[in-house]
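Everything on this sheet refers to the single structure shown next.
Protein chains: 2
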Amino acid sequence: MNLGLETGDAAPALIAALRPRAEEARLWAERTLPKGAPIFAAADGSDDVVLLLSGLVKLVYTTEAGEDWVKSFILDQGVFSGRGAADAAAGEGYGAVCLEPCRFVRLPRSFVERSAAADDNLRAACAAFAAWVLARKQAREAALLTMSPEARYRMLRTGAAAALARLPQGDVARFLGVTPVAFSRIKRRLQADRQG
Amino acid sequence: MNLGLETGDAAPALIAALRPRAEEARLWAERTLPKGAPIFAAADGSDDVVLLLSGLVKLVYTTEAGEDWVKSFILDQGVFSGRGAADAAAGEGYGAVCLEPCRFVRLPRSFVERSAAADDNLRAACAAFAAWVLARKQAREAALLTMSPEARYRMLRTGAAAALARLPQGDVARFLGVTPVAFSRIKRRLQADRQG
DNA sequence: CCCGTCTCTAAACCCAGGTTCATTACGGCG
DNA sequence: CGCCGTAATGAACCTGGGTTTAGAGACGGG
């Protein structure tokens, strides 16, 4: 099982397949944002497709009570999007925030869909990416349902140590489903166990 | 937000689109199984596509410690499948068990994929179904990550009361992510709150 | 009709995580 | 250099869920 942090190569392949189409349509506009800046907010209702070329992004749910919970991280290269106006209005949306300076391209979802319909190669890349996303979601669902926060952290540490080093601990905690305080305790407990 | 129990009409539409193809290929063989019987086990590594025509099925993860956790329920009409041999070997698979007498058809995944490639109508039904599955998974992920078990139960009660009445409480508990004992406490607490 | 079996509820105790407040460590920045 | 805001840790207390055991109904088979 994994926790959905490995990049795989489905996203880079999709970016590569989209790029010529977007350039041809003069939609390939690279933007940059500094650390801490939002790419979109949950309330925006954006459903643009974002191609992350470099940097580090977190996708966050915000509850009615105002807590943030991290849906996922996107490292270096990846593709993600919001959930559109309808979902945003229903409170099911999530925001995207840069955790490092980011370079990315935004494409309208309709453009991506039209392009995929007209391009077998691109459609295959989309399908591969969708399959990869689904597999990751399954794994995350299983982890949240069947494992304790501590077990999820152990798995994250063994499977994504490099990513962990780049992430603020508060965000890691919110990704694992606990508070930063509890996460600090978990780390201490595991360290003590290793030595004792 | 919802918890992924509403049927929608994507699954019935997919069944309807697949049926003529399967009949033509003489693969439409309706089977029945009694309450309690497994349709497939996690260890089977089956990736057949199952079309549930009537009945009630639960999909269950089984941890190394032997606990069962309910991934989802399929009521009356639905489409689901296992995750194949590779995932089964990696311990990421899940089993399917009848909670009521079930009538269903099994189709090889490869047949469904080939048929979809050759049939625009079927491909559209597959795409709609995949989009619906993804939306449900997002909602379930959000619920598991951001809500307490009690809050998940309240949502389930308001959003899927009819389904709840058909489900054994132990399975509901495992679906919500708690033990049956804790689930019993939650119900009592909510009843007391309503009266007090 | 009785007897297992299964499901659900109840009660007692334990523990991991939540909450709150205080303290320390780390970076900008004047 | 000292100041301040943020992030992380530490400690004390609370609470909700896990675990175990027991008992009450429901159901099916003999």
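Same order as they appear, the protein sequences are chains A and B.
The numbering used here puts the first residue of the first sequence at 1, with every later residue one more than the last.
The numbering used here puts the first residue of the second sequence at 1, with every later residue one more than the last.
Don't be surprised by glycine CBs; every beta carbon is placed ideally from N, CA and C.
query, result
"Give the residues from the region 147-159 of chain A that approach chain B closer than 9 Å (Cβ to any Cβ), ordered along the chain.", "Met-147"
"Please classify A:Lys-35: is it buried, with 16 or more other beta-carbons within 10 angstroms of its beta-carbon, or exposed?", "exposed"
"Compute the Euclidean distance between the alpha carbons of B:Arg-83 and A:Ala-161, then round it to the nearest angstrom.", "27 Å"
"Strictly by DSSP, which residues pair up with A:Glu-30?", "A:Val-105"
"Between which residues of its own chain and A:Ala-13 is the CB-CB distance below 8 Å, once the five residues before and five after are set aside?", "Ala-125, Ala-128 and Phe-129"
"Determine the closest residue to A:Leu-56 out of A:Asp-47, A:Gly-45, A:Ala-65 and A:Phe-80, with distance taken between C-alpha atoms.", "A:Phe-80"
"Within 8 Å (strictly less), CB to CB, does B:Glu-141 reach chain A?", "yes"
"Assuming the contact rule is C-beta atoms closer than 8 Å, A:Leu-156 and A:Leu-164 should be a hit. Round their C-beta distance to whole Å, please.", "6 Å"
"Does the region 15-25 of chain B come close enough to the region 166-186 of chain A that 3 or more CB-CB pairs lie under 8 Å?", "no"
"Buried or exposed for B:Arg-136, going by 16 or more other Cβ atoms inside 10 Å?", "buried"
"Measure the CB-CB distance between B:Leu-27 and B:Leu-99 and report whether it falls below 8 Å.", "no"
"Just verifying my parser: in three-state terms, what is the DSSP assignment at A:Lys-58?", "strand"
"Just to make sure I have the definition right: I need the residues of chain A whose C-beta is within less than 9 Å of the C-beta of B:Leu-134. Which are they?", "Ala-130, Val-133, Leu-134 and Lys-137"
"Along the chain, where does the beta strand (DSSP E) containing A:Leu-75 start, and where does it finish?", "68-75"
"Would A:Leu-53 and A:Arg-103 be called neighbours here (beta carbons separated by less than 8 Å)?", "yes"
"Which whole-angstrom value describes the C-beta separation of A:Leu-107 and A:Val-49, a residue pair presumed to lie in contact below a C-beta threshold of 8 Å?", "5 Å"
"May I have the straight-line CA-CA distance separating A:Glu-150 from B:Gly-159, to the nearest angstrom?", "31 Å"
"So B:Thr-63 contacts chain A; which residues on that side make the cut at Cβ distance below 9 Å?", "Thr-146 and Met-147"
"Bridge partners for A:Val-50 per DSSP, in chain order?", "A:Phe-80 and A:Arg-106"
"For a contact defined as C-beta to C-beta under 8 Å, what are the partners of B:Gly-177 on chain A?", "Leu-144 and Leu-145"
"Just to confirm, is the Cβ distance from B:Tyr-94 to B:Val-60 under 8 Å?", "yes"
"Does any residue of chain B bring its CB to less than 8 Å from the CB of A:Glu-92?", "yes"
"Is there a Cβ from chain A that is less than 8 Å from the Cβ of B:Trp-69?", "yes"
"Identify every residue that forms a DSSP beta bridge with B:Gly-95.", "B:Val-60"
"Going by C-alpha to C-alpha distance, which of B:Gly-45, B:Gly-170, B:Arg-152 and B:Ala-37 sits closest to B:Asp-68?", "B:Gly-170"
"Using a 10 Å radius around the Cβ and a threshold of 16 neighbouring Cβ atoms, would you call A:Ala-29 buried or exposed?", "exposed"
"Span of the alpha helix (DSSP H) holding B:Pro-12?", "10-24"
"Quick one: residues in its chain with C-beta nearer than 7 Å to the C-beta of A:Val-178, no 5 flanking neighbours on either side, listed in chain order?", "Pro-149"
"For B:Arg-152, which residues in the same chain have their Cβ closer than 6 Å to its Cβ, ignoring the five residues on either side in sequence?", "Ala-143 and Leu-176"
"Within 10 angstroms of its Cβ, does B:Leu-18 collect 16 or more other Cβ (buried), or is it exposed?", "buried"
"By how many angstroms is the C-alpha of A:Phe-40 removed from the C-alpha of A:Arg-261?", "Lying outside 1 to 196, the shown extent of chain A, residue 261 of chain A is not represented and no answer is given."
"Exposed or buried, what is A:Leu-190 when buried is set at 16 or more other beta-carbons lying within 10 Å of its beta-carbon?", "exposed"
"Please report the Cβ distance between A:Ala-42 and A:Thr-63, rounded to the nearest whole angstrom; I am assuming they are in contact, meaning their Cβ atoms lie under 8 Å.", "Going by Cβ atoms, the distance from A:Ala-42 to A:Thr-63 rounds to 11 Å, so no, they are not a contact pair."
"Pick helix, strand or coil for A:Pro-168, following the three-state DSSP scheme.", "coil"
"Do B:Arg-109 and B:Asp-47 count as a contact pair if the criterion is CB distance below 8 Å?", "yes"
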